[in-house]
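Undergrad:
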Amino acid sequence: QSCFSVNTIMRTQSLRDGDVIFSQGKRFAFGFFSVGTSKLRYVGIWYAQVSEQTVVWVANRDLPINDTSGHIKFSSRGNLCVYASANGTEPIWSTDVVDTISEPALVAKLSDSGNLVLLDPLTGKSFWESFNHPTNTFLPFMKFGYTRQDGLDRFMTSWRSPDDPGFGNFTYRIDRRGFPQMMMYKGPTLWWRSGSWTGQRWSGVPEMTNKFIFNVSFVNNPDEVTITYG
1 QSCFSVNTIM RTQSLRDGDV IFSQGKRFAF GFFSVGTSKL RYVGIWYAQV SEQTVVWVAN
61 RDLPINDTSG HIKFSSRGNL CVYASANGTE PIWSTDVVDT ISEPALVAKL SDSGNLVLLD
121 PLTGKSFWES FNHPTNTFLP FMKFGYTRQD GLDRFMTSWR SPDDPGFGNF TYRIDRRGFP
181 QMMMYKGPTL WWRSGSWTGQ RWSGVPEMTN KFIFNVSFVN NPDEVTITYG
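Numbering (the UniProt record's numbering), first residue to last: 1 to 230.
#1: In whole angstroms, what separates the C-alpha of N221 from that of L118?
#2: Which of the three DSSP states is assigned to N132 in this structure?
#3: Can F155 and T228 be called in contact, C-beta distance under 8 Å?
#4: Taking Cβ positions, are D175 and T37 nearer each other than 8 Å?
#5: Should A105 go down as buried or exposed, given a rule of 16 or more other Cβ atoms within 10 Å for buried?
#6: Please identify the residue among R148, D19, M208 and F74 whose C-alpha is closest to the C-alpha of T226.
#7: I45: which of N66, N136 and R77 sits nearest, CA to CA?
#8: From the DSSP output, in three-state form, read off L40 for me.
#9: Here's a check: name, in chain order, each residue in its chain whose Cβ is nearer than 8 Å to the Cβ of G168, leaving out the five neighbours to either side.
#10: In angstroms, rounded to a whole number, what distance separates the CA positions of M184 and G195?
#11: Hey, L116 and F30: beta-carbon distance below 8 Å or not?
#12: Does the distance between the C-beta of S111 and the nearest non-hydrogen atom of the ligand PLP fall short of 7 Å?
#13: On a CA-only basis, which of P121, S111 and G124 is nearest F131? Give me that one, please.
#14: Measure the C-alpha to C-alpha separation of Q200 and F179 and round it to an integer number of angstroms.
#15: Between L122 and V205, what straight-line distance do the alpha-carbon atoms span, to the nearest angstrom?
#16: Which of the three DSSP states, helix, strand or coil, is assigned to G168?
#17: Between T8 and K109, which are expected to be in contact by the criterion C-beta below 8 Å, what is the C-beta distance as a whole number of angstroms?
#18: Quick one: grab the DSSP three-state call for A29.
#19: From T198, Q181 and Y172, pick the residue whose C-alpha is nearest to that of G187; which is it?
#20: Would you check if the distance between the CB atom of G70 and the CB atom of F22 is smaller than 8 Å?
#21: With a threshold of 16 other CB atoms inside 10 Å of the CB of W192, please say whether the residue is buried or exposed.
#22: Please give the ranges of any alpha helix (DSSP H) in the region 168-228, keeping only runs that are unbroken, at least 4 residues long and fully inside the region.
#23: So, are the CB atoms of A84 and I92 less than 8 Å apart?
Set out below in structure tokens:
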């Protein structure tokens, strides 16, 4: 396994299966992985210092690679892509923000918060980030919910099984109708809801007291309905 000493993938670099990049403080890692007894290969982010592999984000959830021939590299248009082989021309996953990219010097940077960001290193402008496309994990400092400016609705979807990170049957999201609240669905069926926000906690989660372990921030205005913690 090759470990990149930096937390950044440059436009001219590529990662093979076995290569790993770490965030600056080595809290998170990004690369190829398998789950459980499966030999299928996925690309994602996991905690770097937790002995039991704990994956927090997956790129190619429903399109695993059958062997270790996968590559991660930039396309000619500037998107970060996952290919099933070194010579692949059609990516199985892409950041897919090509319409907004004209800068040739974009890089992909992994932060100590676990966020993979496609950005211009000169201006710091972000074009894409994994925090805007969560899988099944809500990390600290991640903005969860809807923002009008970019039209993004950030929600989580469960894994299909412990050995399969494909899209599962449960979703967890903010329902913006009326008084917004967190809702969990099993397929189309409402499974659980948090109740509305009281100013300090969700009304249906009395455990969220002033001494709650997380510092929760809830925003509800015409521009966004989001929650963050950390």
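Glycine is no exception: its CB is placed at the ideal position from the N, C-alpha and C atoms.
TA: In short:
#1: The residue labelled residue 221 in the question sits at position 221 within the sequence shown. The residue labelled residue 118 in the question sits at position 118 within the sequence shown. N221 and L118: Cα-Cα distance of roughly 28 Å.
#2: By 1-based counting over the sequence shown, the position of residue 132 is 132. In this structure, N132 counts as helix in the three-state DSSP scheme.
#3: Translated into the one-based positions of the sequence shown, residue 155 becomes position 155. Translated into the one-based positions of the sequence shown, residue 228 becomes position 228. Taking 8 Å as the Cβ cut-off, F155 and T228 do not qualify as a contacting pair.
#4: For the purposes of this step, residue 175 is taken as the residue at position 175 of the sequence shown. For the purposes of this step, residue 37 is taken as the residue at position 37 of the sequence shown. No, they are not a contact pair.
#5: Here residue 105 refers to the residue found at position 105 when the sequence shown is read from its first residue. Answer is exposed; the Cβ neighbour count stays below 16.
#6: Sequence index remark: in the sequence shown, residue 226 carries index 226 (1-based). Measuring from the Cα of T226, the nearest candidate turns out to be R148.
#7: Taking the first residue of the sequence shown as 1, we reach residue 45 at position 45. The residue with the shortest Cα to Cα distance from I45 is N136.
#8: In the sequence shown, the residue the question calls residue 40 occupies position 40. Three-state DSSP puts L40 in coil, outside helix and strand.
#9: The count along the sequence shown starts at 1 and reaches residue 168 at position 168. Only N136, T157, S158, W159, R160 and S161 meet the Cβ criterion.
#10: Translated into positions along the sequence shown, residue 184 becomes position 184. Translated into positions along the sequence shown, residue 195 becomes position 195. Each residue's alpha carbon lies about 12 Å from the other.
#11: Numbered from its first residue, the sequence shown carries residue 116 at position 116. Numbered from its first residue, the sequence shown carries residue 30 at position 30. Yes; because the gap between Cβ atoms is below 8 Å, this pair is in contact.
#12: Absent from the structure shown: the ligand PLP. Ligands present: none.
#13: As a working mapping, residue 131 is identified with position 131 in the sequence shown. Nearest of P121, S111 and G124 to F131, Cα basis: S111.
#14: The residue labelled residue 200 in the question sits at position 200 within the sequence shown. The residue labelled residue 179 in the question sits at position 179 within the sequence shown. Each residue's Cα considered, the two are about 15 Å apart.
#15: Numbered from 1 along the sequence shown, position 122 holds the residue referred to as residue 122. Numbered from 1 along the sequence shown, position 205 holds the residue referred to as residue 205. Cα to Cα, the separation comes out at about 44 Å.
#16: As a first step, residue 168 must be located in the sequence shown, where it is residue number 168. It is a strand residue.
#17: Within the sequence shown, residue 8 is the residue found at index 8, counting from 1. Within the sequence shown, residue 109 is the residue found at index 109, counting from 1. Sure, about 5 Å apart at Cβ, within 8 Å.
#18: Locating residue 29 in the sequence shown gives position 29, counting from the first residue. Strand.
#19: Counting from one through the sequence shown, the residue named residue 187 turns up at place 187. Among T198, Q181 and Y172, the Cα nearest to that of G187 is on Y172.
#20: One-based indexing of the sequence shown puts residue 70 at position 70. One-based indexing of the sequence shown puts residue 22 at position 22. Not a contact, by the Cβ cut-off of 8 Å.
#21: If you number the sequence shown from 1, residue 192 lands on position 192. It counts as exposed.
#22: none
#23: Here the question's residue 84 lines up with position 84 in the sequence shown. Here the question's residue 92 lines up with position 92 in the sequence shown. Taking 8 Å as the Cβ cut-off, A84 and I92 qualify as a contacting pair.
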